[in-house]
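For reference, the structure discussed in these notes is given below.
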Amino acid sequence: MALREQTAVTIIRPSRGWAALDLRDLWLYRELIYFLTWRDLKVRYKQTLLGAAWAILQPFLTMVVFTIFFGNFAKVSSEGFPYPVFSYAALLPWGLFSKALNDASRSLVGNSHMITKIYFPRLILPLSSVLSGVVDFGIAFLFLLGMMAFYGLYPTWGILLLPLLLLLALVTALGVGLWLSALNVLYRDVGYALPFLTQLWMFVSPIIYSINTVPEQWRLVYALNPMTGVVQGFRWALLGSQTDQLGLILAISSATAIVMLISGLFYFRRMERLFADRV
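Each residue of the sequence shown is one higher than the one before, starting from 1 at the first, in UniProt numbering.
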């Protein structure tokens, strides 16, 4: 009598309550992360005349507007640096953060066809959306170095810490993006409120103005905004901008970003079982 072949059966059940993060699945599906990141890059510039030049054009035009109205007309302090470089050095990490936040927040709704048909760790969608913006950042960063050379400015040794500041911006975007992407599945209002939230966040970050204009007794409270540490850290690393208690500001901003990320991960995992039904 022939023996029947044993077939392995995997049963996938939705998590209930506060599930464990189980982040090791991200490593198992690392090729999917790469594929989705590369897909986002190709789709972004498909059938465009300027292609990757948009990565430079968008922050450049914003810098021109800021320079005219805030640098020339309003005479906003730029700590003694040329205002175009001063504002562009802040717009560079801000552009990475805002794009990553918007893409991550819409990633689940935008990929509903995948969520309802196949299984994979849903966390991959906001994660790949965040990573795809790093390429644009790299292109725009080269343009910033050219601007600095034009004005006779050169990076300080602090440029070696830029990868950590870049990581802080990505962690912040992913942490908030996890909250908003999960909420966006349940409440489409999030998609409508997102542009207003991003614009408001920009004005409460030291992009147009210097953090030194904020009263000293409020700076540590101001540092609860993680982008405060990122933006001022970029100016310090690239231009040598001096700020009292910069180390403490960076520590507070980093702690806030980590709390956002961890809480976002747990909330995302808790709501994950509802995505296929609600998306």
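Ideal placement from N, C-alpha and C gives every residue a C-beta, glycine not left out.
Below 8 Å between beta carbons: does that hold for residue i and residue j?
i	j	result
Q232	I211	yes
V76	I207	no
P226	M147	no
V130	G177	yes
V185	V279	yes
S263	V230	no
D40	S128	yes
L92	F141	yes
S132	L194	no
T172	A257	yes
R44	E272	no
L265	L50	no
P59	G95	yes
L220	L248	yes
L165	F268	no
I139	I56	yes
I115	A276	yes
A255	L170	no
P82	Y151	yes
L168	L239	no
W54	T62	no
Y29	F137	no
T213	Y222	no
Compute the beta-carbon to beta-carbon distance between residue i and residue j, rounded to the nearest angstrom, for a pair I have assumed lies under 8 Å.
i	j	result
I118	L36	Actually they do not touch by this definition, with Cβ atoms about 13 Å apart.
I159	A52	Not really, about 23 Å apart at Cβ, beyond 8 Å.
L108	S181	5 Å
E31	S241	About 41 Å; that fails the 8 Å criterion.
Evaluate the contact criterion for the stretch 70–88 versus the stretch 186–205: three or more CB pairs, one atom per stretch, below 8 Å. no
What runs of the beta strand (DSSP E), each 3 residues or longer, lie entirely inside the stretch 154–178? Segments of the beta strand (DSSP E) lying fully in the stretch 154–178: there are none.
Any alpha helix (DSSP H) of 4 or more consecutive residues that is wholly inside the stretch 54–95: 54–66
Kindly provide the ranges of any alpha helix (DSSP H) runs that are 4 or more residues long and lie completely inside the stretch 20–46, ordered along the chain. Within the stretch 20–46, the complete alpha helix (DSSP H) segments of 4 residues or longer fall at 24–28 and 30–44, listed in chain order.
Could you give the uninterrupted runs of the alpha helix (DSSP H) lying entirely in the stretch 114–141, keeping only those of 4 residues or more? Taking 4 residues as the minimum length, the alpha helix (DSSP H) runs contained wholly in the stretch 114–141 are 124–131, in order along the chain.
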